[in-house]
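Trainee:
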Amino acid sequence: MNSTRPHPIHQLFLVLLCLSLLLSQQRAHAHLGVHRAIRLTTQRMQKNPKNAKLWIKRSTLYKHHQEYQKALTDLKMAQRLAPKNRDIYLHYGLLYFSMRRYKEAKTAFKRFAKLGGTHWKAWRAQAQIALKQKQKGKA
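Numbering-wise (my numbering), the sequence shown opens with residue 161 and increments by one.
1) Does the beta-carbon of K263 have 16 or more other beta-carbons within 10 angstroms, so that it is buried, or is it exposed?
2) Which same chain residues end up closer than 7 Å to L214 when comparing Cβ atoms and leaving out the 5 residues on each side of it in sequence?
3) With distances taken between CB atoms, is the gap from H279 to L255 smaller than 8 Å?
4) Hey, how far is the Cα of H224 from the Cα of F272?
5) Going along the chain, which residues of its own chain have a beta-carbon closer than 6 Å to the beta-carbon of A197, five neighbours each way excluded?
6) What first and last residue would you give for the alpha helix (DSSP H) that runs through R271?
7) By the three-class DSSP mapping on this structure, what secondary structure does T164 have?
8) Can you check which of these residues, G276, H195, K210 and K281, is closest to G253 by C-alpha distance?
9) Here's the rule I'm using: 16 or more other beta-carbon atoms within 10 Å means buried, otherwise exposed. How should R218 be labelled?
10) Quick one: what's got a C-beta closer than 8 Å to V194's C-beta in the same chain, skipping five residues either side?
In structure tokens, the structure reads:
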């Protein structure tokens, strides 16, 4: 008996293919969203160049885009504009963590905490650093 119905494996393959295409399209859209957000933040910075929060925001966007040197440059500018802003050290720590510069990340997180800052992202990153260092010590 000849059946025109596709085999279940073929159906599964088609579903997985469609999901894969959908996810790649979403990633591409998110990538364009980061570019757009960088452009809009830069425009806002041109109108208000002494706003440290805008420099931090753009730094975070650059970090998500893996443009680490640009992110670091923006954080340094934010620090010059608002040297007592403890959130800058949180962002330094998260950036250094993304760059796998763990010693610098730990120093930034310590500074953040010393200034009274607490944030779950800092705790998580520090725990991950400690775990990596423990695993490295066992090797």
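The beta-carbon is built from N, C-alpha and C at its ideal position, and this holds for glycine as well.
Mentor: This is what the structure holds:
1) The residue labelled residue 263 in the question sits at position 103 within the sequence shown. It is exposed - the Cβ of K263 has fewer than 16 other Cβ atoms within 10 Å.
2) Residue 214 sits at position 54 when you count from the first residue of the sequence shown. These residues qualify, in order along the chain: T201, R204, M205 and N208.
3) Here residue 279 refers to the residue found at position 119 of the sequence shown. Here residue 255 refers to the residue found at position 95 of the sequence shown. It is not a contact, given that the beta carbons lie outside the stated cut-off.
4) For this step, residue 224 is matched to residue 64 along the sequence shown. For this step, residue 272 is matched to residue 112 along the sequence shown. Answer to the nearest angstrom: the Cα atoms are 21 Å apart.
5) Here residue 197 refers to the residue found at position 37 when the sequence shown is read from its first residue. Correct list, in chain order: L221.
6) For the purposes of this step, residue 271 is identified with residue 111 of the sequence shown, where counting begins at 1. Taken as a continuous stretch (DSSP letters only), the alpha helix (DSSP H) holding R271 covers Y262 to K274.
7) Position 4 of the sequence shown, counted from the first residue, corresponds to residue 164. T164: coil per DSSP, three-state reduction.
8) Residue numbering aside, residue 253 sits at position 93 when the sequence shown is read from its first letter. That would be K281, whose Cα lies nearest to the Cα of G253.
9) Numbered from its first residue, the sequence shown carries residue 218 at position 58. Per the 10 Å Cβ criterion, buried.
10) For this step, residue 194 is matched to residue 34 along the sequence shown. These residues qualify, in order along the chain: L221, H224 and H225.
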